Amino acid sequence: LSRYPAMELHHIPSGWRYDRAYPQIEAGLQQFHAPLAAIFGLSDSLALVARDAGRALGLVDANTVIVGINGDPLALAAIADGSIAATVDTPAAELGIQAVDLACQGARGEALPAYFGYAPRLVTRANVAEIAMQKLIAIAELPNRMVGVNRQQEQQRLAQLELGLEIHRRIGVILNRQQLAREIAELIRAAYGYDTVQLLLWQPEENALVLEQAGGLRIPLGDDGVLEHAIRQNELVFLPDTQRSQRFAPDRRWPATRSRMAVPIRFGATTLGLLDLHSRTVVQQTHESLSGLQLMADELGIAMRNADLYSDALAARERAEKADHLKSRLLANVSHELRTPLNVILGYSETALNRPDAYPTPLPPAFRRDLRHIYNSGEHLLRLINALLDLSRAEIGALELRPETLAPRAFLTEVFQSVVGTFDAPGVQFRLSLPEHLPAIHADPVRLRQILLNLLSNARKSTSAGTITLGADVEPPHVHLWVADTGVGIPADVQERIFDPFFSTKGEGGTGLGLAVSLGIVQSHGGAIEVESAPNAGTRFVIRLPVRTADQPGKAGKARRVQNVQPGHILFVESEQMIREATVRLLTRWGHKVAAAENGAEALAQFLPDTFDLVISDLGMTDMNGWELLGQIKARDPRVPTVLITGWGRSVSDEDARAAGVDFLIEKPFDQDDLRDILAEALG
1 LSRYPAMELH
11 HIPSGWRYDR
21 AYPQIEAGLQ
31 QFHAPLAAIF
41 GLSDSLALVA
51 RDAGRALGLV
61 DANTVIVGIN
71 GDPLALAAIA
81 DGSIAATVDT
91 PAAELGIQAV
101 DLACQGARGE
111 ALPAYFGYAP
121 RLVTRANVAE
131 IAMQKLIAIA
141 ELPNRMVGVN
151 RQQEQQRLAQ
161 LELGLEIHRR
171 IGVILNRQQL
181 AREIAELIRA
191 AYGYDTVQLL
201 LWQPEENALV
211 LEQAGGLRIP
221 LGDDGVLEHA
231 IRQNELVFLP
241 DTQRSQRFAP
251 DRRWPATRSR
261 MAVPIRFGAT
271 TLGLLDLHSR
281 TVVQQTHESL
291 SGLQLMADEL
301 GIAMRNADLY
311 SDALAARERA
321 EKADHLKSRL
331 LANVSHELRT
341 PLNVILGYSE
351 TALNRPDAYP
361 TPLPPAFRRD
371 LRHIYNSGEH
381 LLRLINALLD
391 LSRAEIGALE
401 LRPETLAPRA
411 FLTEVFQSVV
421 GTFDAPGVQF
431 RLSLPEHLPA
441 IHADPVRLRQ
451 ILLNLLSNAR
461 KSTSAGTITL
471 GADVEPPHVH
481 LWVADTGVGI
491 PADVQERIFD
501 PFFSTKGEGG
511 TGLGLAVSLG
521 IVQSHGGAIE
531 VESAPNAGTR
541 FVIRLPVRTA
551 DQPGKAGKAR
561 RVQNVQPGHI
571 LFVESEQMIR
581 EATVRLLTRW
591 GHKVAAAENG
601 AEALAQFLPD
611 TFDLVISDLG
621 MTDMNGWELL
631 GQIKARDPRV
641 PTVLITGWGR
651 SVSDEDARAA
661 GVDFLIEKPF
671 DQDDLRDILA
681 EALG
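Just so it is clear: in the sequence shown, position 146 is 146 by the UniProt record's numbering, and no numbers are missing.
Following this line, the structure appears as structure tokens:
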């Protein structure tokens with residue numbers, strides 16, 4: 001304007017909005033008293049305000065030239081009706097692009113040009129119609145462009161949803177952590193259009209990231225600014241163009257990378273690692289797509305942690321199973337090693353106590369009393385061994401049962417009568433409480449008797465005065481067998497642990513096995529055992545057993561047959577000399593002719609068909625086991641009865657034993673009545 005010295009120029013400052021600018025411009029125009037030659041507004045809205053205010057003050061007439069800047073629609077309409085002369089249409093998109101480019105150049109420290117050019121258009125009445133039409137067309141196309149943008153966003157959301165569903169599917173079927181992490185990382189890479197993905201695990205104690213693969217590369221955190229920022233700030237880092245990034249220098253290890261993204265893999269507030277994505281071409285991502293990608297990475301974090309927990313659970317179960325297997329082996333080995341000397345202790349002491357003619361001179365009473373203590377202690381140790389084995393078998397569901405059809409009323413009456421007289425309890429009254437009718441049950445009578453005797457014994461120990469009752473009732477589909485006492489009762493905290501193995505309230509006097517074994521036996525019958533008690537209010541143990549159903553076969557119990565046995569010719573095989581000598585003496589005293597062998601080879605050398613009436617062999621020998629020996633003997637003479645002595649406990653059924661060539665099984669240490677029963681049946 002300095003080129004026009006004759007022009008009188010006045011500047012009126014104002015705001016940009018019409019309603020705010022009007023009073024400011026109106027006040028500024030008050031200084032003029034004649035129509036103005038021209039008005040120039042630094043925006044179309046200001047030019048229109050000056051037009052309207054000037055008209056109201058009589059300062060604008062048909063000769064006043066009014067010009068604005070921007071090319072607003074209202075200015076175009078005013079040009080068309082002649083109320084303003086012209087406007088300058090500024091290309092906003094072009095200006096915006098140049099402004100961003102100049103900002104990037106300045107951020108990179110590059111020299112900026114003194115000027116930048118663009119191509120404004122002067123709009124007058126001569127071309128206003130054409131320019132207005134162009135703007136109308138652009139406005140008309142805007143909905144289509146918006147629809148395209150919305151469609152693209154919907155497609156992105158759909159792709160993210162499909163990706164999320166696929167990730168959830170993989171989580172459900174893949175339990176290996178490394179495989180799961182690799183596959184999910186690959187899904188994310190493909191869905192977002194990147195060429196390479198690295199799954200890096202964060203090792204805070206080493207301040208390094210480790211590539212998730214065998215022998216994975218270690219990346220110290222200070223060696224990569226992108227990864228360090230993502231880990232330290234726990235936020236996604238996105239570089240649309242690594243060559244134009246002002247925050248991070250190009251990574252020399254990835255010279256071909258143009259777009260890069262580092263996404264934290266999070267589990268709650270913990271960062272587990274990063275997804276490092278690389279593309280050889282420039283990739284554009286919207287804010288929504290970046291947010292969706294972070295959600296997918298968080299899903300990966302949850303999946304990785306769940307896989308870790310599953311692996312830990314598997315490892316813990318494997319350790320527990322191994323420990324349980326070792327425990328079972330230990331129990332079996334200890335049982336066998338203890339049963340062998342117990343057989344000698346119980347055998348000799350029982351013979352000395354029960355046979356007056358066992359020795360040339362009668363035993364002094366004090367010596368017999370000591371022998372009785374030895375025998376009773378051996379019996380106690382045997383019961384403890386059997387309880388340990390029962391507990392071990394019950395825990396793995398291998399407890400052997402020989403169920404029979406039992407009439408509870410008769411069975412409980414017999415148990416009650418057999419036990420009452422054995423208790424020294426002057427201040428305690430024992431009672432039997434049974435209804436007239438009780439349905440039959442399907443149970444192992446020996447095991448059930450074992451449980452009831454244990455419960456009655458416990459009741460006796462906790463009751464110094466009062467009553468102890470053995471009873472039963474029916475609550476279909478179960479029969480309840482119960483033992484109740486009026487003793488000291490059991491505290492609630494003890495009741496919670498009372499069935500735990502080795503938990504005892506008796507201090508050093510108890511093993512803590514009785515109730516644990518009882519629980520295992522009852523559960524093996526498909527039943528349950530419960531305790532009802534309170535301090536100083538007595539205790540009631542209830543055994544719930546299923547009523548016998550029609551498809552459960554009945555089996556009559558077999559009474560003990562202690563009787564005279566037909567003498568026979570017996571081959572006895574035992575590697576332990578003391579047991580061999582004691583058993584041979586016992587069998588000889590019973591009238592049998594006995595040939596002894598130390599091992600399998602010696603026994604086979606003595607055995608000829610139709611020579612022996614019975615062959616008895618121990619399971620463990622130096623050259624072969626008892627199964628092998630008796631199998632070979634049966635092959636030579638299928639008619640000869642065979643007996644296998646085992647110190648490992650009964651681990652096979654009678655049917656399986658007979659299939660292997662064994663007719664009878666007897667466990668160490670056996671009492672003389674058990675052996676006599678087998679001899680009676682085998683030689684009968």
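Virtual Cβ for every residue (Gly too), placed ideally from N, Cα, C.
Keep in mind that this is a model prediction, so the values were computed, not measured.
If I measure Cβ to Cβ from residue i and keep anything under 7 Å in the same chain, skipping five residues before and after, which residues do I get?
i           : result
residue 42  : 69
residue 624 : 600
residue 683 : 565, 566, 568, 613, 614
For residue i, which three-state DSSP category applies?
i           : result
residue 112 : coil
residue 32  : coil
residue 544 : strand
residue 367 : helix
residue 672 : helix
residue 640 : coil
residue 466 : strand
residue 440 : coil
residue 430 : strand
residue 416 : helix
residue 374 : helix
residue 188 : helix
residue 252 : coil
residue 302 : helix
residue 529 : strand
residue 499 : coil
residue 196 : strand
residue 677 : helix
residue 276 : strand
residue 245 : coil
residue 139 : helix
residue 629 : helix
residue 685 : Examination of residue 685 is not possible in this model, given that the chain is present from 1 through 684 alone.
residue 38  : strand
residue 539 : strand
Any idea which residues DSSP pairs residue i with across the strands?
i           : result
residue 68  : 87
residue 595 : 571
residue 270 : 267
residue 218 : 210
residue 203 : 208
residue 471 : 433, 482
residue 121 : 89
residue 645 : 618, 666
residue 260 : 239, 278
residue 405 : 442
Taking 8 Å as the limit between beta carbons, can you name the residues of its chain near residue i, skipping five residues before and five after?
i           : result
residue 678 : 643, 664, 666
residue 98  : 116, 118
residue 580 : 572, 574, 596, 598
Leaving out the 5 sequence neighbours to the left and right, which residues in its chain are closer than 6 Å to residue i when beta-carbon positions are compared?
i           : result
residue 260 : 239, 242, 278
residue 262 : 226, 227, 230, 237, 274, 276
residue 220 : 208
residue 687 : Because residue 687 is not part of the residues shown, which for the chain are 1 to 684, the question remains open.
residue 45  : 18
How close, in whole Å, do the beta carbons of residue i and residue j come, if the pair is a contact with beta carbons under 8 Å?
i           : j           : result
residue 615 : residue 630 : 7 Å
residue 409 : residue 434 : 5 Å
residue 60  : residue 25  : That belief does not hold up - the Cβ atoms of residue 60 and residue 25 are roughly 12 Å apart, past 8 Å.
residue 79  : residue 87  : 7 Å
residue 532 : residue 540 : 4 Å
residue 83  : residue 125 : Wrong, their Cβ atoms sit about 11 Å apart, outside the cutoff.
residue 459 : residue 483 : 6 Å
residue 444 : residue 383 : With 8 Å as the limit, residue 444 and residue 383 do not qualify as a contact, their Cβ atoms being about 17 Å apart.
Residue i CB to nearest chain D CB: under 8 Å?
i           : result
residue 618 : Among the chains in the structure shown there is no chain D, since it carries only a single protein chain.
Confirm the yes/no value for this check: CB of residue i, any heavy atom of the ligand HEM, distance under 7 Å.
i          : result
residue 84 : In terms of ligand content, the structure shown is empty, and the ligand HEM therefore cannot be addressed.
Counting Cβ pairs closer than 8 Å, one from the segment 361 to 381 and one from the segment 410 to 425, do we hit at least three?
-> no
contact_flag[the segment 451 to 465, the segment 421 to 436] where n(CB pairs < 8 Å) is 3 or more = yes
Check whether the segment 293 to 305 touches the segment 177 to 190, counting contact only when three or more Cβ pairs, one atom from each stretch, lie closer than 8 Å.
-> yes
Give a yes or no on contact between the segment 127 to 136 and the segment 66 to 84, applying the rule of three or more CB pairs nearer than 8 Å.
-> yes
Between the segment 321 to 328 and the segment 286 to 296, are three or more C-beta pairs nearer than 8 Å?
-> no
Assess, as a yes-or-no matter, whether the segment 400 to 408 is touched by the segment 348 to 365 under the definition of 3 or more beta carbon pairs within less than 8 Å.
-> no
Would you check if there are 3 or more beta carbon pairs closer than 8 Å linking the segment 511 to 525 to the segment 470 to 482?
-> no
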